[in-house]
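Trainee: Residue numbers (my numbering): 1 to 85.
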């Protein structure tokens, strides 16, 4: 769960980080406020990246066609992770 949350946070932050680097390269003084419209567009781009990332994860992970998911079980005091068969 933490991995998925971290993946989504990174996807959302990418446009903001790219814009910050672009501002630095352009020579904008640090501490200058970011315009609201730019922030809104960066947030929208971040949401799009999160959705694309989730779509990619859903498409390329999991079992193959016809496979059955076996949930995690506790056997002899040891947790056996869930898997596809």
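Every residue, glycine too, gets a C-beta built ideally from N, C-alpha and C.
All of these numbers come straight from a predicted model, not from anything done at the bench.
Determine which residues share a DSSP beta bridge with residue 74 and list them.
Mentor: For the purposes of this step, residue 74 is taken as the residue at position 74 of the chain shown. BP columns for residue 74 point to 79.
Trainee: With a CB to CB cut of under 6 Å and the five nearest residues on each side skipped, what residues in its chain are close to residue 11?
Mentor: Position 11 of the chain shown holds residue 11. Cβ neighbours of residue 11 beyond the five flanking positions: 49, 50, 53.
Trainee: Between the segment 65–73 and the segment 20–34, do three or more beta carbon pairs fall short of 8 Å?
Mentor: No: fewer than three Cβ pairs fall under 8 Å.
Trainee: Going straight from the alpha carbon of residue 78 to that of residue 60, what length do you get?
Mentor: Counted from its first residue, the chain shown places residue 78 at position 78. Counted from its first residue, the chain shown places residue 60 at position 60. Cα to Cα, residue 78 sits roughly 29 Å from residue 60.
Trainee: Grab me the residues of residue 47's own chain with a C-beta within less than 8 Å of its C-beta, minus the 5 sequence neighbours each way, in chain order.
Mentor: Taking the chain shown and counting its residues from 1, the one referred to as residue 47 is at position 47. Excluding sequence neighbours, residue 47 sits near 12.
Trainee: Which whole-angstrom value is the C-beta distance of residue 45 and residue 15, which I expect to be below 8 Å?
Mentor: Position 45 of the chain shown, counting from 1, holds the residue named residue 45. Position 15 of the chain shown, counting from 1, holds the residue named residue 15. Yes, residue 45 and residue 15 are in contact; Cβ-Cβ is about 4 Å, under 8 Å.
Trainee: Is it right to say residue 9 is buried, meaning 16 or more other beta carbons lie within 10 angstroms of its own, or is it exposed?
Mentor: For the purposes of this step, residue 9 is taken as the residue at position 9 of the chain shown. Its Cβ having fewer than 16 others within 10 Å, residue 9 is exposed.
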